[in-house]
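Numbering (this note's numbering), first residue to last: 2 to 60.
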(Lines of atoms letter the chains of each structure in order from A; the text may use other names.)
(Lines give C-alpha, C1' and ligand atoms only; values in the text may rest on other atoms or scores of the structure.)
Protein backbone atom coordinates (compact mmCIF):
# COMPACT_ATOMS: atom_id res chain seq x y z
CA UNK A 2 0.00 0.00 0.00
CA UNK A 3 1.42 3.42 -0.89
CA UNK A 4 0.39 6.79 0.45
CA UNK A 5 1.50 10.11 -0.99
CA UNK A 6 1.63 12.99 1.44
CA UNK A 7 1.76 16.67 0.58
CA UNK A 8 5.07 18.32 1.43
CA UNK A 9 3.45 20.69 3.90
CA UNK A 10 1.96 17.76 5.81
CA UNK A 11 5.09 15.63 6.14
CA UNK A 12 7.86 18.20 6.51
CA UNK A 13 9.60 17.39 3.21
CA UNK A 14 12.51 19.55 2.12
CA UNK A 15 11.72 22.69 0.13
CA UNK A 16 11.41 21.93 -3.58
CA UNK A 17 10.01 18.45 -3.03
CA UNK A 18 6.35 18.26 -3.99
CA UNK A 19 5.56 14.88 -2.46
CA UNK A 20 6.94 12.47 0.08
CA UNK A 21 6.14 8.79 -0.24
CA UNK A 22 5.46 6.37 2.60
CA UNK A 23 5.31 2.65 1.79
CA UNK A 24 3.41 0.45 4.21
CA UNK A 25 3.50 -3.32 4.42
CA UNK A 26 0.37 -4.75 2.78
CA UNK A 27 -0.09 -7.08 5.75
CA UNK A 28 -0.59 -4.11 8.06
CA UNK A 29 -3.05 -5.12 10.77
CA UNK A 30 -5.90 -2.72 11.45
CA UNK A 31 -7.48 -2.91 14.90
CA UNK A 32 -11.11 -1.91 15.41
CA UNK A 33 -11.01 -0.09 18.74
CA UNK A 34 -14.82 0.14 18.89
CA UNK A 35 -15.55 -3.58 18.43
CA UNK A 36 -17.57 -4.99 21.31
CA UNK A 37 -17.92 -1.65 23.09
CA UNK A 38 -21.33 -0.24 24.09
CA UNK A 39 -23.15 1.80 21.43
CA UNK A 40 -26.20 4.03 21.61
CA UNK A 41 -28.32 6.14 19.27
CA UNK A 42 -31.35 8.40 19.49
CA UNK A 43 -33.41 6.78 16.71
CA UNK A 44 -33.63 3.46 14.87
CA UNK A 45 -34.71 2.83 11.30
CA UNK A 46 -34.67 -0.20 8.99
CA UNK A 47 -33.46 -2.51 11.76
CA UNK A 48 -30.34 -0.40 12.31
CA UNK A 49 -29.87 -1.05 16.01
CA UNK A 50 -26.83 0.56 17.61
CA UNK A 51 -25.10 -2.69 18.54
CA UNK A 52 -24.67 -3.51 14.84
CA UNK A 53 -22.20 -0.66 14.48
CA UNK A 54 -19.63 -2.37 16.70
CA UNK A 55 -20.25 -6.06 15.95
CA UNK A 56 -17.10 -6.42 13.81
CA UNK A 57 -19.09 -7.31 10.68
CA UNK A 58 -17.84 -5.32 7.68
CA UNK A 59 -20.80 -6.30 5.49
CA UNK A 60 -23.40 -3.59 5.26
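Even glycine gets a Cβ: it sits at the ideal position worked out from N, Cα and C.
Open item on the list: My output table needs one value for residue 50: the three-state DSSP class, helix, strand or coil.
Closed with: Taking the first residue of the chain shown as position 1, residue 50 is located at position 49. In the structure shown, residue 50 sits in a helix (DSSP, three-state: H, G or I).
- [ ] Would you mind stating whether residue 53 and residue 39 have Cβ atoms separated by less than 8 Å?
- [x] The residue labelled residue 53 in the question sits at position 52 within the chain shown. The residue labelled residue 39 in the question sits at position 38 within the chain shown. A contact, by the Cβ cut-off of 8 Å.
Open item on the list: Can you list, in chain order, the residues of its chain with a C-beta nearer than 6 Å to that of residue 50? Leave out the 5 residues immediately preceding and following it.
Closed with: Locating residue 50 in the chain shown gives position 49, where the first residue counts as 1. Contacts found: 39, 40 and 41.
- [ ] Output the distance between the C-alpha atoms of residue 56 and residue 48, rounded to the nearest integer angstrom.
- [x] Translated into the one-based positions of the chain shown, residue 56 becomes position 55. Translated into the one-based positions of the chain shown, residue 48 becomes position 47. Their Cα atoms are separated by approximately 15 Å.
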